[in-house]
Amino acid sequence: MKQTVYIYLFEGYSDWEISFLLPELRKLNQFKIEFVSDCRQKVVSMGGLEVTPTKSLRDIAWNRVAAFIIPGGHLWESNRRTKTKLFSYLNQVVESQCVIASICSATLLLASVGLLDNKLHTSNSLEYLQEQASMYKGELLYIDQPVVFDDGVITANGISPIEFTKEILLVLNVDKYYVEQWYQLFKHGVWSEAS
């Protein structure tokens, strides 16, 4: 049975931040992909894509989760982030020992619960985390890079969806040579034939 990669969707999520990842995961066919929301309600992305998630958070079998992906969106920059069901489910996500990947403003959610206080991480900027997440205490572990992976957590800044995708694929043990070819093509427009 395939492990599942869950993509958390919410009203106004940044669709482009997961747009490189989704086709690769589908094409590779190594994981089941499920879209999840608080209550399986239809959501509309920032770009206008309407999606009806197939699962709610309470439907997840946490022992079969390979990764939990959280895109950015204005939700995370508001005080509503602590009112989402995901906020109350974060302990289960962490306890499942799956890869947790957040990009752009979704890093604020992780910072708000202290998840970045003891892990190397990045975001849109250190000041962004400090200003937007008052409980954040991880400034000594902040790295100004497009993407950072540490102890099961991937964080990325909002202008690095290609690097974000690359890191997720590598952490999920997708063939390194394939991932590097993919990255060179999408980042630099360079394709090399397999040797």
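Residue 508 in the numbering used here is what sits at position 128 of the sequence shown, and the numbering runs on without skipping anything.
We put the CB at the ideal spot given by N, CA and C, even for glycine.
Q: Measure the alpha-carbon distance for Leu408 versus Leu389 and round it to whole angstroms.
A: Between Leu408 and Leu389, the C-alpha separation is close to 22 Å.
Q) Would you call Glu507 buried or exposed, if buried means 16 or more other Cβ atoms sit within 10 Å of its Cβ? A) Classification for Glu507: exposed.
(Q) Under 8 Å: do the stretch 532-550 and the stretch 477-491 share three or more Cβ pairs, one atom per stretch? (A) The stretch 532-550, when compared against the stretch 477-491, does touch it at the 8 Å Cβ threshold.
Q) Distance, Cα to Cα, Asn471 vs Lys435? A) Using only the alpha carbons, I get a separation of about 18 Å.
Q. Which residue's Cα is closest to the Cα of Met515: Leu550, Lys567 and Asn459?
A. Of Leu550, Lys567 and Asn459, the residue nearest in Cα terms is Asn459.
Q: Look at the alpha carbon of Phe529 and the alpha carbon of Val551, and state the distance between them as a whole number of angstroms.
A: Cα to Cα, the separation comes out at about 8 Å.
Q.
Am I right that Phe415 and Val385 are in contact with their C-beta atoms under 8 Å? What's the rounded C-beta distance?
A. Contact flag wrong, Cβ pair sits at about 10 Å.
Q: Excluding the 5 residues preceding and the 5 following Leu490 in the sequence, name in chain order all residues of the same chain whose CB lies nearer than 6 Å to its CB.
A: In the same chain as Leu490, and ignoring 5 residues on each side of it, the C-beta atoms closer than 6 Å to its own belong to Ser482 and Leu496, in chain order.
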